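Numbering (mature numbering (1 follows the signal peptide of the UniProt record, and there is no 0)), first residue to last: -22 to -1, 1 to 511. Every residue, glycine too, gets a C-beta built ideally from N, C-alpha and C. Remember, it's a predicted structure, so these values are computed and weren't measured experimentally. First comes the structure, then the notes that go with it.
Set out below in structure tokens:
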């Protein structure tokens, strides 16, 4: 336990150092049922997102027992932690805690999570199942807007937030001694709810006092460097519904969450133009001007490709991402998936597949480009995120004619390489993308041996941080070289647990040839002439 305490103390110190300067923007993605994926698939997608320079993953805590397959993904089914109203099974939160730990471990602390602890779609009847709040209101003959005004429901929801953030103790961070409210190393922020007053029913919320009441409650629970975000009031941006007056006046609100579903419609030169129209100015009275005066941060928490014609998905994602980057506004795309974008079952045009071959539109390549670009551009005036997320200092302004940034450039960029490109300078902090590697001259160059996807064996090893799996070099996502290990958290591949650390196995390892004269290490067995666990 003393060893674990030192590890977490060191993590906290490193996090403090990491947050010392913040001058560049960042990008991320939404994956609202990430915790419902199998551990193998979850770790694979987290690793892919980390490679793509994702800084924030937004996801939900909600019941996952309505569908076996969602957006083409097979998933585990489990209920919400609260059912019926006021009765909690916090063991369910272990699944989410495993997900948080995977994000933190696989990214080396470089990615964080934005959590919505309830989804308004559940009470509005826009998705299944009807959760504890939905069932209670039906039993009482209430319409769903009462969620925001009924005193007993407000108290119940505050209890839910406290139970998740304070009562539950993390399985993976601190060995059941730390609450989520303390996990600033992995939790970036907490939404009031996903889309309060969803479906442009913001009038159910605005003016009731619910927004500031819940913001104040969350702030009382959370560490000061975990943000309180509004979650997209009213759903999709339509006028000022995402930023009513009370989000500026409430002291407990940190982030104003924008949910913009824009397209290259008539009158717009690109899909990015609506973002430019909204966020180009920080003059008094504008959204950014009011946010700066009130000390609020602004984030495009949801944005997506909206189909208006075929064959423009890649271009429209590039245009919107490039516009937000030129404006210096952080963002998380809605949403990513594995499998094929053309799947059946809750798949829509806006989904982007991160799986090799799963994005015939080329949308994943476009999204990766603007993700890489996001971490290289300066933040908008008055937007200092250093309290909640460490970002690199500096940044180079990019050209975007649509937003009037720079000398003009064709309304959204051309989707070329924007980070870690062939021939570019590189380092441990400035990585190369794709199949490129950082060579001895600190330049991104083509990989020449042991590369991702190459054939491997004991005599033809993979490069560091890759693992030989089924004869192919693949990125290591668990039990990797140098990672902590124990009986419950073993090492993978040809590594072994030595003094609590995964180190290269030197004899009798898994997959090695064995016989009576060449036995396997302790913990392995010789099966058919091969060492197996």
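Practice task
Excluding the 5 residues preceding and the 5 following residue 292 in the sequence, name in chain order all residues of the same chain whose CB lies nearer than 8 Å to its CB.
Solution key: As a first step, residue 292 must be located in the chain shown, where it is residue number 314. So the qualifying residues of the chain are 339, 340, 341, 343, 344, 393.
Problem - Entirely enclosed beta strand (DSSP E) segments - the region 65 to 145, minimum 3 residues - result: 90 to 94
Problem - Euclidean distance between Cα positions of residue 173 and residue 500 - result: Position 195 of the chain shown, counted from the start, is the residue given in the question as residue 173. Position 522 of the chain shown, counted from the start, is the residue given in the question as residue 500. So the alpha carbons of these two residues sit roughly 53 Å apart.
Problem - Presumed contact (8 Å Cβ cut-off) between residue 212 and residue 160, rounded CB distance - result: Within the chain shown, the letter at position 234 stands for residue 212. Within the chain shown, the letter at position 182 stands for residue 160. No, residue 212 and residue 160 are not in contact; Cβ-Cβ is about 32 Å, not under 8 Å.
Exercise for the section: Given a cut-off of 8 Å, decide if residue 149 and residue 75 are closer than it, judged by their beta-carbon atoms. Expected result: As a working note, residue 75 is residue 97 in the chain shown. As a working note, residue 149 is residue 171 in the chain shown. In contact: residue 75 and residue 149 (Cβ atoms closer than 8 Å).
Exercise for the section: Could you tell me which residues DSSP puts in a beta bridge with residue 238? Expected result: Mapped onto the chain shown, residue 238 falls at position 260. According to DSSP, residue 238 bridges with 281.
Handout entry: Cβ-Cβ distance between residue 208 and residue 225 below 8 Å
Key = The sequence position of residue 208 within the chain shown is 230, counting from 1. The sequence position of residue 225 within the chain shown is 247, counting from 1. Against a cut-off of 8 Å, the Cβ pair of residue 225 and residue 208 comes out as a contact.
Practice task
Take residue 364 as the anchor and find which of 477, 238, 233, 95 has the nearest alpha-carbon.
Solution key: Translated into positions along the chain shown, residue 364 becomes position 386. Answer by Cα proximity: 233.
Handout entry: Minimum length 3: unbroken beta strand (DSSP E) runs contained in the region 250 to 315
Key = 275 to 281, 309 to 311
Exercise for the section: Give the secondary structure of residue 190 by DSSP, where H, G and I count as helix, E and B as strand, and everything else as coil. Expected result: Your numbering for residue 190 matches position 212 in the chain shown. Of the three classes helix, strand and coil, the one that applies to residue 190 here is helix, per DSSP.
Practice task
Please confirm whether residue 259 and residue 267 have their CB atoms less than 8 Å apart.
Solution key: The residue given as residue 259 occupies position 281 in the chain shown. The residue given as residue 267 occupies position 289 in the chain shown. Yes. Within cutoff.
Problem - Three-state secondary structure assigned by DSSP to residue 428 - result: If you number the chain shown from 1, residue 428 lands on position 450. Coil, per DSSP.
Handout entry: Cutoff 7 Å; reference residue 462; Cβ partners in own chain excluding five residues on either side
Key = The sequence position of residue 462 within the chain shown is 484, counting from 1. Here the set comprises 478, 479.
Handout entry: N- and C-terminal bounds of the beta strand (DSSP E) containing residue 165
Key = For the purposes of this step, residue 165 is taken as the residue at position 187 of the chain shown. Its beta strand (DSSP E) spans residues 165 to 169.
Problem - Cβ pair residue 166, residue 11 closer than 8 Å - result: Taking the first residue of the chain shown as position 1, residue 166 is located at position 188. Taking the first residue of the chain shown as position 1, residue 11 is located at position 33. Not closer than 8 Å, so no.
Problem - Delimiting residues of the alpha helix (DSSP H) encompassing residue 479 - result: Position 501 of the chain shown, counted from the start, is the residue given in the question as residue 479. That residue, residue 479, is in no alpha helix (DSSP H); its beta strand (DSSP E) goes 479 to 482.
Handout entry: Helix, strand or coil at residue 226 [DSSP, three-state]
Key = Residue 226 sits at position 248 when you count from the first residue of the chain shown. The answer is helix: DSSP assigns residue 226 an H, G or I state.
Problem - Rounded straight-line distance, which links the Cα of residue 115 to that of residue 239 - result: Counting from 1 along the chain shown, the entry for residue 239 is found at position 261. Counting from 1 along the chain shown, the entry for residue 115 is found at position 137. Computed Cα separation, rounded: 30 Å.
Exercise for the section: May I have the straight-line CA-CA distance separating residue 176 from residue 99, to the nearest angstrom? Expected result: As a working mapping, residue 176 is identified with position 198 in the chain shown. As a working mapping, residue 99 is identified with position 121 in the chain shown. Using only the alpha carbons, I get a separation of about 7 Å.
Exercise for the section: Kindly indicate which residue of 271, 306, 21, 352 has the alpha-carbon position closest to the one of residue 358. Expected result: Locating residue 358 in the chain shown gives position 380, where the first residue counts as 1. When only C-alpha atoms are compared, the closest one is 306.
Exercise for the section: Taking all protein chains shown into account, decide if residue 133 is buried (16 or more other Cβ within 10 angstroms of its Cβ) or exposed. Expected result: Within the chain shown, the letter at position 155 stands for residue 133. It is exposed - the Cβ of residue 133 has fewer than 16 other Cβ atoms within 10 Å.
Problem - Cβ pair count under 8 Å reaching 3, the region 38 to 54 against the region 101 to 109 - result: yes
Practice task
Give the secondary structure of residue 344 by DSSP, where H, G and I count as helix, E and B as strand, and everything else as coil.
Solution key: In the chain shown, counting from the first residue as 1, residue 344 sits at position 366. Residue 344: helix per DSSP, three-state reduction.
Problem - Distance between residue 146 and residue 155 (C-alpha atoms, nearest Å) - result: As a working mapping, residue 155 is identified with position 177 in the chain shown. As a working mapping, residue 146 is identified with position 168 in the chain shown. C-alpha separation (whole angstroms): 9 Å.
Exercise for the section: Tell me whether the beta-carbon of residue 515 lies closer than 8 Å to the beta-carbon of residue 283. Expected result: The structure shown does not extend to residue 515, since the chain is modelled only from -22 to 511, so the question has no answer here.
Practice task
Using beta-carbon positions only, say whether residue 474 and residue 487 come within less than 8 Å of one another.
Solution key: Taking the first residue of the chain shown as 1, we reach residue 474 at position 496. Taking the first residue of the chain shown as 1, we reach residue 487 at position 509. Yes, the pair counts as a contact, with Cβ atoms nearer than the cut-off.
Practice task
Taking only heavy atoms of the ligand MG into account, decide whether any of them is closer than 7 Å to the Cβ of residue 344.
Solution key: Looking for the ligand MG in the displayed structure turns up nothing, as the structure carries no ligands at all.
Practice task
Determine, using beta carbons only, whether residue 300 and residue 348 come nearer to each other than 8 Å.
Solution key: Within the chain shown, residue 300 is the residue found at index 322, counting from 1. Within the chain shown, residue 348 is the residue found at index 370, counting from 1. Their beta carbons are under 8 Å apart, which means residue 300 touches residue 348 by this criterion.
Practice task
Could you tell me the distance, in whole angstroms, from the CA atom of residue 101 to the CA atom of residue 63?
Solution key: Stepping through the chain shown from its first residue, residue 101 is reached at position 123. Stepping through the chain shown from its first residue, residue 63 is reached at position 85. Those two C-alpha atoms are separated by around 13 Å.
Practice task
Give a yes or no on whether the C-beta atoms belonging to residue 198 and residue 228 are separated by under 8 Å.
Solution key: Taking the chain shown and counting its residues from 1, one reaches residue 198 at position 220. Taking the chain shown and counting its residues from 1, one reaches residue 228 at position 250. For residue 198 and residue 228, no; Cβs fall outside 8 Å.
Handout entry: Length of the line joining the Cα atoms of residue 351 and residue 496
Key = Counting from one through the chain shown, the residue named residue 351 turns up at place 373. Counting from one through the chain shown, the residue named residue 496 turns up at place 518. Roughly 52 Å between the two C-alpha positions.
Practice task
Could you check what DSSP says for residue 29 in three-state terms: helix, strand or coil?
Solution key: Taking the chain shown and counting its residues from 1, one reaches residue 29 at position 51. Residue state, collapsed to three classes: helix.
Practice task
Tell me whether residue -1 sits in a helix, a strand or coil according to DSSP, three-state version.
Solution key: By one-based count along the chain shown, residue -1 stands at place 22. Only weak support is given to the placement of residue -1: the predicted model assigns it a pLDDT of 42, under 50, and the value that follows is read from those uncertain coordinates. Residue state, collapsed to three classes: coil.
Problem - Per-residue DSSP class, three states only, for residue 504 - result: Here residue 504 is taken as the residue at index 526 of the chain shown, counted from 1. In the structure shown, residue 504 sits in a strand (DSSP, three-state: E or B).
Exercise for the section: Kindly list the residues whose CB is nearer than 6 Å to the CB of residue 8, restricted to its own chain and excluding five residues on each side of it in sequence; keep chain order. Expected result: In the chain shown, counting from the first residue as 1, residue 8 sits at position 30. Hits under 6 Å: 36, 310, 312, 313.
Problem - Beta-carbon proximity check, residue 515 vs residue 136, cutoff 8 Å - result: The question about residue 515 has no answer, for the chain in this structure spans -22 to 511.
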